[in-house]
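Numbering (our numbering), first residue to last: 296 to 692. Ideal placement from N, C-alpha and C gives every residue a C-beta, glycine not left out.
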């Protein structure tokens with residue numbers, strides 16, 4: 296097959312992270328080729344729907360710091376479009392103060408926010424119910440509210456990045472182009488796709504929830520599990536009721552993981568409805584190909600019951616259901632992996648990887664970090680906690 300494209304950097308994975316990397320790389324003068332296995336702006340990648348939570352609360356100071364460092368990059372991206380990329384509504388974390396989940400712990404988040412001097416408000420159960428429309432919560436529940444939380448318009452974020460890259464003279468985009476074979480020859484990585492062979496001396500891999508189908512072409516795989524979580528929209532019965540982005544920390548009850556999160560009503564995503572989803576799965580997947588777009592009926596029922604029991608101003612019958620697919624690392628609280636390829640891969644130092652976890656709130660900043668690591672081999676941002684390839688990557692035969 297004839298090689299039809301040569302660039303400085305090949306970005307494999309054309310979701311928001313890959314498009315953000317191309318935006319930042321081309322801004323530094325690099326010629327960039329983006330390869331997307333599906334079509335651009337698809338709904339087959341991580342998570343569900345076109346909204347994501349922007350929130351600063353995290354149980355680790357370095358995560359709080361990283362989110363605050365993302366803000367100027369969101370502001371930079373916002374200058375490229377007149378349409379809002381976020382709807383600011385605040386972030387509410389509440390529930391049992393003893394619970395630790397995939398999101399962390401309320402008390403640990405308060406300590407991290409204090410350490411980074413991020414303002415927030417502590418809340419009692421009664422205050423949560425009085426201010427934020429939840430009801431019938433246990434008196435022992437506590438919470439925190441951080442005013443900078445927002446609902447990210449992911450559809451508009453992707454559209455903005457996609458249109459900028461389409462206009463950029465140094466960027467080329469190719470969809471329906473899954474990588475089928477990767478080799479090294481004459482100072483170049485050569486990537487074969489159904490659209491032809493593309494080559495560059497550097498690779499950026501942003502495969503979303505499909506890491507191993509790409510990594511196997513380089514002789515390794517990642518230790519991960521996949522969650523396919525239930526998500527649905529609930530019709531508002533009171534137009535005056537608005538919720539922040541929120542997450543509730545609770546202990547499981549039998550098969551019910553009992554942890555849920557939600558989004559506000561926004562005019563760009565089912566106006567008149569709020570999205571509520573479960574933050575647990577009853578049966579993790581062993582591969583993303585096992586994904587179903589139909590929610591597990593029991594998980595959906597548990598979520599609807601939470602809405603019925605504890606939220607006001609909503610019809611508890613779920614509408615517009617979907618699933619949220621995410622690949623998660625097998626190391627607790629280390630969802631995002633950002634590293635070079637393992638040492639056994641030829642020219643591994645020229646391959647930068649970002650995979651697993653929820654990175655929506657970091658999209659424009661991750662573009663900058665991936666650009667830094669690719670072109671300079673380093674970045675001023677603290678990514679040491681995410682450089683865990685030595686623990687995640689396994690060599691394949």
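Same chain, Cβ closer than 7 Å to residue 403, neighbours up to 5 away in sequence not counted | Residue numbering aside, residue 403 sits at position 108 when the chain shown is read from its first letter. Hits under 7 Å: 354.
Around the Cβ of residue 548, are there at least 16 other Cβ atoms within 10 angstroms (buried) or fewer (exposed)?
-> As a position in the chain shown, residue 548 is number 253, starting the count at 1. The residue in question, residue 548, is exposed, as its Cβ has fewer than 16 Cβ neighbours within 10 Å.
Whose C-alpha, out of 432, 447, 614, is nearest the C-alpha of residue 527?
-> Working through the chain shown from its first residue, we reach residue 527 at position 232. Taking only the C-alpha atoms, the option nearest residue 527 is 614.
How would you call residue 430, buried or exposed, if buried means at least 16 neighbouring beta carbons within 10 angstroms?
-> Numbered from 1 along the chain shown, position 135 holds the residue referred to as residue 430. So residue 430 ends up on the exposed side.
Separation of residue 603 from residue 319, as counted between CA atoms | As a first step, residue 319 is located in the chain shown; it is residue number 24 there, counting from the start. As a first step, residue 603 is located in the chain shown; it is residue number 308 there, counting from the start. Near 45 Å, if we compare the C-alpha coordinates of residue 603 and residue 319.
Would you report the Cα separation of residue 406 and residue 435, rounded to the nearest angstrom?
-> Sequence index remark: in the chain shown, residue 406 carries index 111 (1-based). Sequence index remark: in the chain shown, residue 435 carries index 140 (1-based). The alpha-carbon atoms of residue 406 and residue 435 are separated by roughly 20 Å.
Own chain partners of residue 511 with C-beta closer than 7 Å, once the 5 adjacent residues on each side are dropped = Position 216 of the chain shown, counted from the start, is the residue given in the question as residue 511. 691, listed in sequence order.
How far does the beta strand (DSSP E) with residue 307 in it reach, from first residue to last?
-> To locate residue 307, count along the chain shown from 1; it is residue 12. Here the beta strand (DSSP E) through residue 307 covers 304 to 307.
Alpha carbon to alpha carbon, how far is residue 348 from residue 662? Give it in angstroms, no decimals.
-> Within the chain shown, residue 662 is the residue found at index 367, counting from 1. Within the chain shown, residue 348 is the residue found at index 53, counting from 1. So the alpha carbons of these two residues sit roughly 18 Å apart.
Of the residues 359, 546, 556, 606, the one placed nearest residue 395, counting alpha carbons only | Taking the chain shown and counting its residues from 1, the one referred to as residue 395 is at position 100. The option with the nearest alpha carbon to residue 395 is 546.
Could you say which of 333, 326, 416, 575 lies nearest to residue 388 if we only look at CA atoms?
-> The count along the chain shown starts at 1 and reaches residue 388 at position 93. Of the listed residues, the one whose Cα sits closest to residue 388 is 416.
Compare the Cα-Cα distances from residue 418 to each of 411, 426, 412 and report the closest residue.
-> Start at 1 with the first residue of the chain shown, and residue 418 comes out as number 123. Nearest of 411, 426, 412 to residue 418, Cα basis: 426.
Backbone CA spacing between residue 551 and residue 542 [nearest angstrom] = Translated into the one-based positions of the chain shown, residue 551 becomes position 256. Translated into the one-based positions of the chain shown, residue 542 becomes position 247. So the alpha carbons of these two residues sit roughly 16 Å apart.
Residue 350 (DSSP reduced to helix, strand or coil) | Here residue 350 refers to the residue found at position 55 of the chain shown. Coil, per DSSP.
Can residue 503 and residue 324 be called in contact, C-beta distance under 7 Å?
-> Taking the first residue of the chain shown as position 1, residue 503 is located at position 208. Taking the first residue of the chain shown as position 1, residue 324 is located at position 29. Not closer than 7 Å, so no.
Out of 584, 445, 371, 574, state which residue places its alpha-carbon closest to the alpha-carbon of residue 383.
-> Taking the first residue of the chain shown as position 1, residue 383 is located at position 88. The candidate whose alpha carbon is nearest that of residue 383 is 445.
What three-state label does DSSP hand residue 357 in the structure shown?
-> As a first step, residue 357 is located in the chain shown; it is residue number 62 there, counting from the start. Looking at residue 357 - three-state DSSP - the assignment turns out to be helix.
Pairwise C-alpha distance: residue 501 and residue 455 | Residue mapping note: residue 455 aligns to position 160 of the chain shown, counting from 1. Residue mapping note: residue 501 aligns to position 206 of the chain shown, counting from 1. Roughly 18 Å separates the two Cα atoms.
Mark residue 424 as exposed unless 16 or more other C-beta atoms lie within 10 angstroms of its C-beta, in which case mark it buried.
-> By one-based count along the chain shown, residue 424 stands at place 129. Residue 424 is buried by the Cβ-count criterion.
In angstroms, rounded to a whole number, what distance separates the CA positions of residue 659 and residue 666?
-> Locating residue 659 in the chain shown gives position 364, where the first residue counts as 1. Locating residue 666 in the chain shown gives position 371, where the first residue counts as 1. Cα-Cα distance, rounded: 11 Å.
Just curious, the beta strand (DSSP E) that residue 690 is in, first and last residue?
-> Translated into the one-based positions of the chain shown, residue 690 becomes position 395. Start and end: 688 to 690.
Can you give me the Cβ contacts of residue 646 inside the same chain, cut-off strictly under 7 Å, excluding the 5 residues immediately before and after it?
-> Counting from one through the chain shown, the residue named residue 646 turns up at place 351. Only 498, 500, 635, 636, 640 meet the Cβ criterion.
Along the beta strand (DSSP E) that carries residue 615, what are the first and last residues, could you check?
-> Here residue 615 corresponds to residue number 320 of the chain shown, with the count starting at 1. Segment 614 to 624, the beta strand (DSSP E) holding residue 615.
Drop a sphere of 10 angstroms on the beta-carbon of residue 507, count the other beta-carbons inside from all chains shown, and report buried for 16 or more, exposed for fewer.
-> Mapped onto the chain shown, residue 507 falls at position 212. Result: buried.
Per DSSP, which residues does residue 494 bridge with? Please list them.
-> Here residue 494 corresponds to residue number 199 of the chain shown, with the count starting at 1. Paired residues: 301, 485.
CA-CA distance, residue 563 and residue 312?
-> As a first step, residue 563 is located in the chain shown; it is residue number 268 there, counting from the start. As a first step, residue 312 is located in the chain shown; it is residue number 17 there, counting from the start. One C-alpha to the other measures close to 21 Å.
In terms of alpha-carbon separation, which member of 594, 412, 488, 345 lies closest to residue 305?
-> Position 10 of the chain shown, counted from the first residue, corresponds to residue 305. Nearest C-alpha to residue 305: 488.
List the whole-angstrom C-beta distance separating residue 352 from residue 441, where the pair is believed to meet the contact cut-off of C-beta under 8 Å.
-> Numbered from its first residue, the chain shown carries residue 352 at position 57. Numbered from its first residue, the chain shown carries residue 441 at position 146. Between residue 441 and residue 352 the Cβ distance is about 5 Å, and since that is below 8 Å, they are a contact.
Distance between residue 302 and residue 669 (C-alpha atoms, nearest Å) = To locate residue 669, count along the chain shown from 1; it is residue 374. To locate residue 302, count along the chain shown from 1; it is residue 7. The straight-line gap from Cα to Cα measures roughly 13 Å.
Option in 588, 656, 589 with minimal Cα separation from residue 290 | Nothing about residue 290 can be reported from this structure: the residues present for the chain run from 296 to 692 only.
Through-space distance from residue 644 to residue 518, alpha-carbon basis = In the chain shown, the residue the question calls residue 518 occupies position 223. In the chain shown, the residue the question calls residue 644 occupies position 349. Cα-Cα distance, rounded: 21 Å.
Contacting residues, own chain, Cβ-Cβ under 7 Å from residue 687 (five flanking each side not counted) | On the chain shown, residue 687 is found 392 positions in, with the first residue counted as 1. Here the set comprises 517, 518, 624, 632.
DSSP bridge partner residues for residue 556 (one or two, in chain order) = To locate residue 556, count along the chain shown from 1; it is residue 261. In the DSSP output, where bridge partners are listed per residue, residue 556 has 542, 572.
Could you check if residue 296 is buried or exposed, using at least 16 other CB atoms within 10 Å of its CB as the buried criterion?
-> Against the chain shown, residue 296 aligns to sequence position 1. Reliability fails at residue 296, whose pLDDT of 48 lies under 50, so the model's placement of it is uncertain and no value is given.
Host alpha helix (DSSP H) of residue 598 (start-end) = Counting from one through the chain shown, the residue named residue 598 turns up at place 303. Counting along the chain, the alpha helix (DSSP H) containing residue 598 begins and ends at 592 to 605.
Whose C-beta lies closer than 7 Å to the C-beta of residue 699 among residues of the same chain, with five residues either side of it excluded?
-> In the structure as shown, the chain begins at 296 and stops at 692. Residue 699 is therefore absent and cannot be evaluated.
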